[in-house]
């Protein structure tokens with residue numbers, strides 16, 4: 147699993163390079179100010195009643211995801227187009243939603259956009275799936291359960 151941890155850390159560093167733009171940082175900060183960010187412990191408390199939305203790309207999702215009663219994978223780039231069909235029609239716009247990504251920024255942007263689309267109970271997992279793993283939790287994939295331990 148050390149190899150998986152190293153690969154995730156390298157991927158996270160490459161993702162950080164994307165956020166060098168001051169304009170993009172400002173957009174992410176604005177989203178973060180308008181979205182409730184929850185910690186892993188808070189996710190434990192509400193996990194039975196939420197729709198967990200993984201906004202990473204399909205290849206990221208296939209490497210592992212946080213398991214919950216209701217998990218949707220909607221890549222950040224398709225969220226606006228799929229929100230009504232995949233979320234509102236099935237669960238309603240007042241459904242309890244938690245978004246997450248690799249490290250947090252895409253999740254915050256997605257949560258903010260869902261709020262703008264009329265969803266009233268949206269939060270973001272602070273630190274994303276990397277924070278989830280760092281707290282000793284497992285993720286699920288076609289290989290089974292994985293952890294960094």
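In our numbering, the protein residues as written are 147 to 295. We put the beta carbon where it would ideally sit given N, CA and C, even for glycine.
Query raised in the report: Since residue 197 contacts residue 230 with CB under 8 Å, what's their CB separation in whole angstroms?
Result: The C-beta distance from residue 197 to residue 230 rounds to 14 Å, too long to meet the 8 Å contact threshold.
Requested in this report: Please report how far the alpha carbon of residue 226 lies from the alpha carbon of residue 259, in whole angstroms.
Outcome: Residue 259 has its alpha-carbon roughly 7 Å from the corresponding atom of residue 226.
Report task. Tell me where the alpha helix (DSSP H) around residue 226 begins and ends. Result -> Element bounds for residue 226: 225-228.
Report task. Tell me whether the beta-carbon of residue 284 lies closer than 9 Å to the beta-carbon of residue 292. Result -> The answer is yes: Cβ separation under 9 Å.
Query raised in the report: Out of curiosity, what's the CA-to-CA distance linking residue 256 and residue 268?
Result: Taking the straight line joining both Cα atoms gives about 9 Å.
Query raised in the report: Can you name the start and end residues of the beta strand (DSSP E) that residue 198 belongs to?
Result: Residues 197-200.
Query raised in the report: With distances taken between CB atoms, is the gap from residue 202 to residue 248 smaller than 9 Å?
Result: For the pair residue 202 and residue 248, the CB atoms are nearer than the 9 Å cut-off.
Report task. Kindly indicate which residue of 250, 261, 220 and 221 has the alpha-carbon position closest to the one of residue 240. Result -> That would be 261, whose Cα lies nearest to the Cα of residue 240.
**Report entry** Inter-residue Cα distance where the pair is residue 170 and residue 151
**Finding:** So the two alpha carbons sit approximately 27 Å from each other.
**Report entry** Nearest-angstrom Cβ-Cβ length linking residue 154 and residue 276, presumed shorter than 8 Å
**Finding:** Indeed, because the Cβ distance is near 6 Å, the residues count as touching under 8 Å.
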